[in-house]
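In our numbering, the protein residues as written are 233 to 746.
Think of the CB as a built atom: it goes at the ideal place given N, C-alpha and C, for glycine as much as any other residue.
Keep in mind the model is a prediction, meaning the values are calculated, not measured.
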């Protein structure tokens, strides 16, 4: 029964409206606390008092059928144990001794009560349930709607604070937690959420709304046809009830046997008429899909500004998820580590599907990894340059090492040591091996070939009689001429500088003649 106290009635009605809006008992409690509202409570042998709403009270009110106008008896089973203690066990609704819906006026309808029970049951499943949970405050856009493409379970959402912001991860680890099996999938949330956001913005266009309205008009026409048939059934039942009434009114009152029979038929026809009317009203309420022109115009106008609303930082994450719930049924994610991508299979309300591909974010090691193009360039430069020269050339051309991707290290530059590390890490052939393959000689080998001292080899290379090729910052390999090898002479009578100049002049003349 409705409480005679107006304040009590309004508070309870507001509670049910709040739960229908937020979809969670705990969130309804938080809303009451945020709004500074108290909830009525009737203590034993006392009057009604107003106290802060608790989660247990909210769940008790939501699960009590009396608030839906139903009479229920036998919801709990009491029994005594062998030591005399009393135990209480809650029965399921099928095991209640009595349940009469619409026995008295209620705050909500019996159908709404059943829907509330479904929501409470879904929320209580928590970790194990494969279902879409209610929207929460976190930035994970697909919270409760992301499905693992390998095992079919719903992803759990985990958050991590990185670089001053909260990032979401979709993790499927039930098999790992329960049975010690390897982790099923772990997918970064931002790339997937951004792709879903762009898809929603593309789908929400005025043309899509117009198409939805056309479909709704066709459904309304079908419902009107069905209502016309139900109205015919009511008219037929009314005619039969009127006929039974006339028969009963014309009977002789002294003939009680006939009068009782006709009265029974009349009552039966009235019951049929009442049932037909109730069925029609119930069906009309269920089939109510009429949109007036003003609502249509607002809906079309809303799609024009949907992108602004979606990307607006002031739009709460909870509201984005609620908008998403009206468009998308679920999203199946399959991570492809070998390709560095994630397949996103979107299932819209109504059955339409669409597949997207997103790039998986790089790990910390991958972010600081040197680009393959730079490694290839270093491999080419090793033919003619040492580490210090390669580092200078890379810096001049604007290349940066992988370390520049780290926070606060954007000014990092290539150094000889870093180039040497890359050569060793990627197993590139050293400059020494490259020069040896081209026939270059060490200082000892060149001295033995020319029959001179090693110091003389260095002096000849300095003045250009032979060619030196550095393979690091301190040591060189030497290239001897294929013909006309320089000979050892006394530098007192033929200075080394003059010999080098004559040799260069002869080489230029040969080039000119050729």
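Restricting attention to 634, 686, 567, 596, the CA atom closest to the CA of residue 387 is found in 567.
By the CB criterion at 7 Å, residue 572 and residue 592 fall inside the cutoff. With a threshold of 16 other beta carbon atoms within 10 Å, residue 713 falls short and is exposed.
Apart from sequence neighbours up to five positions away, the residues of its chain that approach residue 635 with a beta-carbon distance below 6 Å are 600, 641, 644, ordered along the chain. In the DSSP assignment, residue 318 falls within the beta strand (DSSP E) that extends over 318-322. 7 Å or more divides the Cβ of residue 403 from the Cβ of residue 574. If you compare the alpha carbons of 254, 390, 250, 243 with that of residue 550, the shortest gap goes to 254. Boundaries of the alpha helix (DSSP H) harbouring residue 682: 675-682, taken from the DSSP string. Cβ neighbours of residue 398 within its own chain (closer than 8 Å, five residues either side excluded): 370, 371, 391, 392. Beta-bridge annotation (DSSP): residue 577 is paired with 564, 587. With the rule of 3 Cβ pairs closer than 8 Å, the segment 327-338 counts as touching the segment 287-303. Burial state of residue 672 is buried, judged by a 10 Å Cβ sphere holding 16 or more other Cβ atoms. Judged by DSSP secondary structure, residue 604 falls within the alpha helix (DSSP H) whose first and last residues are 604-613. For residue 245, the uninterrupted alpha helix (DSSP H) segment begins and ends at 238-254. Within a 10 Å sphere around the beta-carbon of residue 552 sit 16 or more other beta-carbons, which makes this residue buried.
Taking C-beta separations shorter than 6 Å and ignoring five residues to either side along the sequence, the partners of residue 698 in its chain run 692, 710, 712, following chain order. In the structure shown, residue 272 adopts extended strand secondary structure according to DSSP, grouped into three states. In the displayed model, residue 646 falls within coil according to three-state DSSP, outside both helix and strand. Residue 261 is not a Cβ neighbour of residue 240, given a cutoff of 7 Å. Here DSSP, grouped into helix, strand and coil, assigns residue 622 to helix. Following the DSSP letters along the chain, one finds residue 379 inside the beta strand (DSSP E) bounded by residues 378-380.
Closest option to residue 730, judged by alpha-carbon separation, among 695, 715, 701, 704: 695. Inter-residue distance for residue 616 and residue 590 is about 41 Å (C-alpha atoms, whole angstroms). Around the Cβ of residue 309, a 10 Å sphere holds fewer than 16 other Cβ atoms; the residue is exposed. Assignment of alpha helix (DSSP H) within the segment 367-431, counting only whole runs of 4 or more residues, yields 406-411 in chain order. Taking the Cα of residue 279 as reference, the smallest distance to any Cα among 317, 343, 235 is reached at 235. Under the DSSP assignment, residue 294 falls in the alpha helix (DSSP H) whose first and last residues are 287-295. Taking the CA atoms as reference points, residue 676 sits about 36 Å from residue 628. Restricting attention to 626, 737, 561, the CA atom closest to the CA of residue 428 is found in 561. Residue 664 carries a helical assignment under DSSP once its states are collapsed to helix, strand and coil.
Spanning the alpha carbons of residue 664 and residue 414 requires a straight line of approximately 46 Å. Looking at the DSSP output, residue 480 shares a beta bridge with no other residue.
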